[in-house]
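Here is the structure we will look at, set down as structure tokens.
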Amino acid sequence: MRRISHVFYYSFILLVLALQGCDSASNKKTGGGKFGMMDTNTPEYAAVEFFEHIYNDKKLDNALAMSTPRMAKLLRSYHTNRNVQRHVFDLVYDEVDIQPEPGNSFGRNEYAKSAVVTLFFTGTLHDDRVEDIRIVEMVRNDDEWLVDLVQADKYL
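End of the sequence shown = 157 in our numbering, gap-free, step of one.
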């Protein structure tokens, strides 16, 4: 009887430790993109993160930190995230998924001082599905990529 209680006790401890390990691993963000596979030192990652801050944060502070002075001045003039969505980007969503253009960009931006990133937006607004594309012009400042300009796709 005593042997069974020890087995149960140790099994319970192992189960708890395994579940804690799974929980901490799932909360750890290692990369960007839908599956966390995007390298964090790329212009694509920075562009997605910038828009994630615009659509998911309550304040513009994090988006301002990822902007050039020109873009930061424009964002500040609209005061709130919702106003920026509506008036600056003309993209309002209730929920949105943001993905960079798929493609092989490895190595081409390693030494670049600027980059152009195409982002695909898929989401909902008032229960209607809304899809759109934006072209994001990025500038490298030391080791970080900053958003300089956002424009609509001219071919849509």
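For every residue, glycine included, the Cβ atom is placed at its ideal position computed from N, Cα and C.
Exercise for the section: Let me know the secondary structure DSSP gives M139 once reduced to three states. Expected result: Here residue 139 refers to the residue found at position 138 when the sequence shown is read from its first residue. Of the three classes helix, strand and coil, the one that applies to M139 here is strand, per DSSP.
Exercise for the section: Could you name the residues of the same chain whose beta carbon sits closer than 8 Å to that of R83, not counting the 5 residues immediately before and after it, in chain order? Expected result: The residue labelled residue 83 in the question sits at position 82 within the sequence shown. Answer for R83: V93, listed in chain order.
Practice task
Would you tell me roughly how many angstroms separate the C-alpha atoms of D143 and E102, rounded to the nearest one?
Solution key: Within the sequence shown, the letter at position 142 stands for residue 143. Within the sequence shown, the letter at position 101 stands for residue 102. Distance between the alpha carbons of D143 and E102 is about 25 Å.
Exercise for the section: Buried or exposed for Y56, please, with buried defined as at least 16 other CB atoms from any protein chain shown within 10 angstroms of its CB. Expected result: In the sequence shown, residue 56 corresponds to position 55, counting from 1. Buried: at least 16 other Cβ atoms inside 10 Å.
Handout entry: Cβ neighbours of L200 in the same chain (closer than 8 Å, five flanking residues each side left out)
Key = The requested residue 200 does not occur in the structure, where the chain is confined to residues 2 to 157.
Exercise for the section: Compute the Euclidean distance between the alpha carbons of E53 and H127, then round it to the nearest angstrom. Expected result: Residue numbering aside, residue 53 sits at position 52 when the sequence shown is read from its first letter. Residue numbering aside, residue 127 sits at position 126 when the sequence shown is read from its first letter. Roughly 19 Å separates the two Cα atoms.
Handout entry: The beta strand (DSSP E) enclosing A116, as first and last residue numbers
Key = The residue given as residue 116 occupies position 115 in the sequence shown. Counting along the chain, the beta strand (DSSP E) containing A116 begins and ends at S115 to L126.
Exercise for the section: Could you name the residues that DSSP lists as bridge partners for A153? Expected result: Here the question's residue 153 lines up with position 152 in the sequence shown. In the DSSP output, where bridge partners are listed per residue, A153 has R135.
Practice task
Give me the Cα-Cα distance between S25 and K155, rounded to the nearest whole angstrom.
Solution key: By 1-based counting over the sequence shown, the position of residue 25 is 24. By 1-based counting over the sequence shown, the position of residue 155 is 154. Because the pLDDT at S25 is just 43, under 50, the model does not fix this residue reliably, and the value given afterwards should be weighed accordingly. Distance between the alpha carbons of S25 and K155: 43 Å.
Practice task
Report the partner residues of I99 according to the DSSP bridge assignment.
Solution key: The sequence position of residue 99 within the sequence shown is 98, counting from 1. Per DSSP, F122.
Handout entry: Those residues which DSSP pairs with L147 across a bridge
Key = Mapped onto the sequence shown, residue 147 falls at position 146. Partner(s): V140.
Problem - Cross-strand partners of R130 (DSSP beta bridge) - result: Locating residue 130 in the sequence shown gives position 129, counting from the first residue. Beta-bridge pairing links R130 to T125.
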